[in-house]
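Encoded as structure tokens, the structure appears first; notes follow it.
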Amino acid sequence: MSRRGPRHFAKLAFALSDADEPADADMTRLRDRLLAADPGDELVALWRRKLTAWDFEQSPAWSATAPRTPERRAEIHDKLAFGADLRKALDAAVPVHEEPGPVTISREFEPWYTREQAANRSFYWTSYERLLRRKGWSDAAISSLDEAAHAVVERLADPTRDTPYGARGLVVGYVQSGKTANFTGVTAKAIDAGYRLVIVLGGTLNLLRGQTQRRLDMELIGQENILGAADPNDPDALVGIDYQDDEDWPAKFVSFGARPSLLGAFDIERLTSRDRDYMALERGISALEFEKPDRTRPLYEPANLHAARARVMVVKKNKSVLEKLVTDLKKIGPILGEIPALIIDDESDQASVNTTDPKKWEDGKVTRTAINGQISKLLRLLPRAQYVGYTATPFANVFIDPGDEEDLFPRDFLISLPRPTGYMGVQDFHDLDTVEDGGGEAEKKHVRGIYDSTGDRLQEALDAFMLTGALKLYREDQGLPAGPFRHHTMLVHESVRMAEHAVLAERIETMWRNAAYTGPEGHARLAALFARDFQEHADGSLPTPAAYADLKPFVSGARRLINQGGGPVIVVNGDSERDYAQPDLDFDRTPNVWKILVGGTKLSRGFTVEGLTITYYRRTTQQADTLMQMGRWFGFRPGYRDLVRLYIGREETLGRGRNAKTVDLYEAFEAICRDEELFRAELARYAPLVGGRPQVTPAQIPPLVAQHLPWVKPSARNKMFNAELVEVRSPGTPIEPAAYPLDSKMTERNTGHWKPVLTALQGAFTTCLLLPDATSPLSRSFQAATTVIPHAQLISVLSSLEWEDGNVLAPHLAYLSQLDGRLAKVDDWLVIAPQRTQRNRIEATVLGQGPFSLFRRSRQSGKLSFGRISGLEHRLYAQQLAERPGSSFSGDSYSVQGPAQGVVLLYPVVEAAQDDEVKAVAASGAAAADRVTMAFTVIPPKAAIDTKRQLVRFRTKDSTRPDAVVVNAL
Numbered sequence: 001m002s003r004r005g006p007r008h009f010a011k012l013a014f015a016l017s018d019a020d021e022p023a024d025a026d027m028t029r030l031r032d033r034l035l036a037a038d039p040g041d042e043l044v045a046l047w048r049r050k051l052t053a054w055d056f057e058q059s060p061a062w063s064a065t066a067p068r069t070p071e072r073r074a075e076i077h078d079k080l081a082f083g084a085d086l087r088k089a090l091d092a093a094v095p096v097h098e099e100p101g102p103v104t105i106s107r108e109f110e111p112w113y114t115r116e117q118a119a120n121r122s123f124y125w126t127s128y129e130r131l132l133r134r135k136g137w138s139d140a141a142i143s144s145l146d147e148a149a150h151a152v153v154e155r156l157a158d159p160t161r162d163t164p165y166g167a168r169g170l171v172v173g174y175v176q177s178g179k180t181a182n183f184t185g186v187t188a189k190a191i192d193a194g195y196r197l198v199i200v201l202g203g204t205l206n207l208l209r210g211q212t213q214r215r216l217d218m219e220l221i222g223q224e225n226i227l228g229a230a231d232p233n234d235p236d237a238l239v240g241i242d243y244q245d246d247e248d249w250p251a252k253f254v255s256f257g258a259r260p261s262l263l264g265a266f267d268i269e270r271l272t273s274r275d276r277d278y279m280a281l282e283r284g285i286s287a288l289e290f291e292k293p294d295r296t297r298p299l300y301e302p303a304n305l306h307a308a309r310a311r312v313m314v315v316k317k318n319k320s321v322l323e324k325l326v327t328d329l330k331k332i333g334p335i336l337g338e339i340p341a342l343i344i345d346d347e348s349d350q351a352s353v354n355t356t357d358p359k360k361w362e363d364g365k366v367t368r369t370a371i372n373g374q375i376s377k378l379l380r381l382l383p384r385a386q387y388v389g390y391t392a393t394p395f396a397n398v399f400i401d402p403g404d405e406e407d408l409f410p411r412d413f414l415i416s417l418p419r420p421t422g423y424m425g426v427q428d429f430h431d432l433d434t435v436e437d438g439g440g441e442a443e444k445k446h447v448r449g450i451y452d453s454t455g456d457r458l459q460e461a462l463d464a465f466m467l468t469g470a471l472k473l474y475r476e477d478q479g480l481p482a483g484p485f486r487h488h489t490m491l492v493h494e495s496v497r498m499a500e501h502a503v504l505a506e507r508i509e510t511m512w513r514n515a516a517y518t519g520p521e522g523h524a525r526l527a528a529l530f531a532r533d534f535q536e537h538a539d540g541s542l543p544t545p546a547a548y549a550d551l552k553p554f555v556s557g558a559r560r561l562i563n564q565g566g567g568p569v570i571v572v573n574g575d576s577e578r579d580y581a582q583p584d585l586d587f588d589r590t591p592n593v594w595k596i597l598v599g600g601t602k603l604s605r606g607f608t609v610e611g612l613t614i615t616y617y618r619r620t621t622q623q624a625d626t627l628m629q630m631g632r633w634f635g636f637r638p639g640y641r642d643l644v645r646l647y648i649g650r651e652e653t654l655g656r657g658r659n660a661k662t663v664d665l666y667e668a669f670e671a672i673c674r675d676e677e678l679f680r681a682e683l684a685r686y687a688p689l690v691g692g693r694p695q696v697t698p699a700q701i702p703p704l705v706a707q708h709l710p711w712v713k714p715s716a717r718n719k720m721f722n723a724e725l726v727e728v729r730s731p732g733t734p735i736e737p738a739a740y741p742l743d744s745k746m747t748e749r750n751t752g753h754w755k756p757v758l759t760a761l762q763g764a765f766t767t768c769l770l771l772p773d774a775t776s777p778l779s780r781s782f783q784a785a786t787t788v789i790p791h792a793q794l795i796s797v798l799s800s801l802e803w804e805d806g807n808v809l810a811p812h813l814a815y816l817s818q819l820d821g822r823l824a825k826v827d828d829w830l831v832i833a834p835q836r837t838q839r840n841r842i843e844a845t846v847l848g849q850g851p852f853s854l855f856r857r858s859r860q861s862g863k864l865s866f867g868r869i870s871g872l873e874h875r876l877y878a879q880q881l882a883e884r885p886g887s888s889f890s891g892d893s894y895s896v897q898g899p900a901q902g903v904v905l906l907y908p909v910v911e912a913a914q915d916d917e918v919k920a921v922a923a924s925g926a927a928a929a930d931r932v933t934m935a936f937t938v939i940p941p942k943a944a945i946d947t948k949r950q951l952v953r954f955r956t957k958d959s960t961r962p963d964a965v966v967v968n969a970l
């Protein structure tokens, strides 16, 4: 059963056995064995591995079904020729993992990296896979990584091709979500396939570069390649060799059992080490002289390529370091044109993007920033180099001018990685769906706002740090694995100014000394905080003491660990490496880092704060990508995710003097998080191929994204995208504009356009019944005013609406207007105006019609956009109608939905932060039209699409010729 796919199992087993003929009894015994097996049974593990690999495989030659679906699993069973009982036993032992996989937006590419080829040359990937299993990775996690890494490598150029081509790609992960694991997997597969020079651009500090080097050395390059010819048992031979002082050497470093070249594979030569960045080729030019069995043929010929050692270097993104590398490479000569190279740019939106002002370019010649210029030179020197950027904040890369051929725009592919299992991210801290009545669960569990009325809450945050340290020790004592509790940290981020860091650190030191954690006063505070917060929100599946008295004995142990090394606080800032070379901050070489870290920018990007449990964040910034990278509280928190707390400023001052304003940092984070999630959702929506071809290429992403991000303002260098969005088709998918006008006159006119619909909505309210679904096992209902309007009337209203900063509805309206029979036929629309719950209802007439429930919504920080307009239950109900046309549900007043009828959710929205402001608008019983934004969500029927299933249409532009005629590209 190879990666060619599943085959008739009984016949295969018979062919491999000594039996004279196949027996059905063997399948019965297999079923019985699976049913009786323990969770750790080797047979179950083997089947889990194979089934998961087949479930996850993207577009295999043996299947036309979608990966990670019951349909794919059923096809696997069919090909294995398993009966119903065996299928049931296997599905119980190995359930289908239906979480989404990576999303790929790509140019069409020439297939070369098949599954068979990957299996035939897989020495380093197989070793990496084994290591991940030893680390406890699940089969699903490994298969997911395998598929994502394979998707990257297959879009690189074939390293053996005659004509050089350098692909450009971008991989988008989540903040602190395992991007390094992905590019380690990509590197393993790429060198197995024939890439012989790998350059990893690993951050702007030695600390970050060293972290990346160590990770690659530990998990990919391995002991034998690090040692070279040195005898590991000879102390003299080990002088000057990395990691002899590392706590994890050699036990946790991958080992092949012998030099790979002695095992039929090839060695890897490191051109940098953990403590030494690239200085110069140590052996001069000879370090890049590749052995060629046939010197008459180029290196990229298979006979030469697969016999050559790979070279790997991890290089800091520093002008002088990169200049040295470029200078050395220039000395090597023509062989550079023969080397299949891979450049991986970690945090590719930092320093790598050209940010010079085109207005200052001389004679139209591109002027590049230092790092961008050096990377461009590297790519010119290495015509067979592939460039793959990695980032969690992709907008800077996506909005590079596609017309600049020497820049780093991901012209060939963009891959969005799935949110990993066990990852704490946006959804754990922000309730992205509108919650009508009070704060959502995520905010209640993990977020503690800092308001003027609460004081600075710094002492409470310190108490939480102490308390959670004690809880980790308690859980370890109760038998939980100690590994995740090795480090325990708190991050305090208030300012970028180093002088303020020193003052803040001194203040924290003083508060810590006066906290009396070993006395009655300190224990009383900790007991109260435990009872009102950590006990209430504890994960029931994890050990948590029933009372503070059971936790009290562990407080002194936590205090001792935090105080060891001289004090509880470490300041991490500055531009010098000195700040990052502190022994107490070395997560690799220090047994336990239990510290409060005070710092600024350098703690925000790329630096992994291990064991982070409490964050105290009050720094303001207007840069969306900078803000997102500050989110160090995202990440993996096994065994203590219920203990994670974010203390964040909700009323912070931004700016000075007359320009000063108050901002809510939690809302600001939520706004950029929504942008990130929307970006990923857009990619997922347009990723499916239509007729075997991409719907969207990377060059068409900028205008697609820009439609939804009001902060993306066209500038001189990116105003000419390669494509202009003309039409977006959304069958069965909510269309929900968020950026409504601020201008009161425009708002008043827009409200007036809805008057005929509001008139038709008057009358008795109906009950809308939402059936049990993934969000709740119970049925739910809400009251709403409803009416049905003709298709032409809805198009007339929507076409009349006015917008600021461009018509955000235009691409959607181009689609909706064609549902008169030209593209598909929609007869009419069910309009639903939901009511708020009786307890929270605020009603008023609008334009003399109604009364209607008024809904409170706030605009996102610094934007025209509101957050989510529609309530979750309302939207789910509307989609339930759209997805089940003709169905009738008991208890639902309006349940018969025709296949040619769409749904509109309509909300009279008052922009306000508190309900009292809404009550003021409704005080007279009639809400003024200029104070009410008629916000809406339109959900077309699922059948409202043509047979081509194309979801998006563009007009092409040539950014290198701003005066060129615009041409339609359908």
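Our numbering numbers the first residue of the sequence shown as 1 and each following residue consecutively.
Note that the Cβ used here is the ideal one computed from N, Cα and C, for glycine as well.
Check: Anticipated Cβ contact below 8 Å, K942 with P731, distance rounded; Outcome: 5 Å
Check: Outcome for Y451 when other beta-carbon atoms lying within 10 angstroms are tallied against a minimum of 16; Outcome: exposed
Check: Beta-bridge partners of W54, as assigned by DSSP; Outcome: Paired residues: none, contrary to the question.
Check: Three-state class that DSSP yields for L905 in the structure shown; Outcome: strand
Check: 8 Å contact criterion, which T747 and E610 should meet: CB distance rounded; Outcome: Not a contact, Cβ separation roughly 50 Å.
Check: Separation of E406 from P383, as counted between CA atoms; Outcome: 12 Å
Check: Coarse secondary structure for L612, derived from DSSP in three states; Outcome: strand
Check: When R309, D294, A287, W361 are compared against K331, the one with the closest alpha-carbon; Outcome: A287
Check: L951 (DSSP reduced to helix, strand or coil); Outcome: coil
Check: Whole runs of the beta strand (DSSP E) within the stretch 80–116, excluding any shorter than 3 residues; Outcome: 103–106
Check: Three CB pairs or more closer than 8 Å across the stretch 800–812 and the stretch 761–770; Outcome: no
Check: Straight-line gap, E983 to H523 (C-alpha atoms, nearest Å); Outcome: No answer is possible for residue 983: it lies beyond the span of the chain, which begins at 1 and ends at 970.
Check: Secondary structure of M424, DSSP reduced to three states; Outcome: strand
Check: Residues of its chain near A944, where Cβ-Cβ distance is below 6 Å and the 5 sequence neighbours each way are ignored; Outcome: P731, L819, A824, V826
Check: Residues of its chain near I842, where Cβ-Cβ distance is below 6 Å and the 5 sequence neighbours each way are ignored; Outcome: L854, V918, K919, A922
Check: Bridge partners - Y387, DSSP secondary structure assignment; Outcome: R168, I343
Check: Any 3 or more C-beta pairs closer than 8 Å across the stretch 166–180 and the stretch 231–242; Outcome: no
Check: For T933, the nearest candidate out of G40, Q950, S924, A912 (CA to CA); Outcome: A912
Check: Boundaries of the alpha helix (DSSP H) in which P756 is found, first to last residue; Outcome: 755–761
Check: Residues bridged to P790 [DSSP beta-bridge criterion]; Outcome: D828
Check: DSSP state of A10 mapped onto helix, strand, coil; Outcome: helix
Check: Nearest neighbour of Q672, chosen from Q427, Q695, G692 [CA to CA]; Outcome: What sits at residue 672 in the sequence shown is Ile, not Gln. Comparing Cα-Cα distances from I672 to each of Q427, Q695, G692, the minimum goes to Q427.
Check: Ordered list of beta strand (DSSP E) runs contained in the stretch 168–221, each at least 3 residues; Outcome: 168–172, 197–202
Check: Close beta carbons around D433, own chain, < 7 Å, minus the five adjacent residues each side; Outcome: R868, L872
Check: Best match in Q223, R107, L201, I191 for proximity to A167 [C-alpha to C-alpha]; Outcome: R107
Check: CA nearest to the CA of M424, picked from R532, G635, E154; Outcome: G635
Check: Strand pairing of L872, partner residues [DSSP]; Outcome: None, per the DSSP bridge assignment.
Check: Q855 - containing beta strand (DSSP E), residue span; Outcome: The residue asked about is misnamed: residue 855 is Phe in this sequence, not Gln. It spans 855–857 - the beta strand (DSSP E) in which F855 sits, taken as one unbroken run.
Check: E883 (DSSP reduced to helix, strand or coil); Outcome: helix
Check: CB contact check: L220 to chain C, cutoff 7 Å; Outcome: In summary, chain C is missing from the structure at hand, where a single protein chain is found.
Check: Opening and closing residue of the beta strand (DSSP E) in which V312 lies; Outcome: 310–315
Check: Segment limits, beta strand (DSSP E) that includes L382; Outcome: Counting along the chain, L382 falls outside any beta strand (DSSP E), and DSSP gives it neither H nor E.
Check: M934 - partner residues in DSSP beta bridges; Outcome: P908
Check: H537: first and last residue of the uninterrupted beta strand (DSSP E) it sits in; Outcome: Where H537 is concerned, there is no enclosing beta strand (DSSP E), given that its DSSP letter is neither H nor E.
Check: Whole-number beta carbon distance between V598 and A505, since they are thought to touch under 8 Å; Outcome: 5 Å
Check: Those residues which DSSP pairs with I450 across a bridge; Outcome: G649
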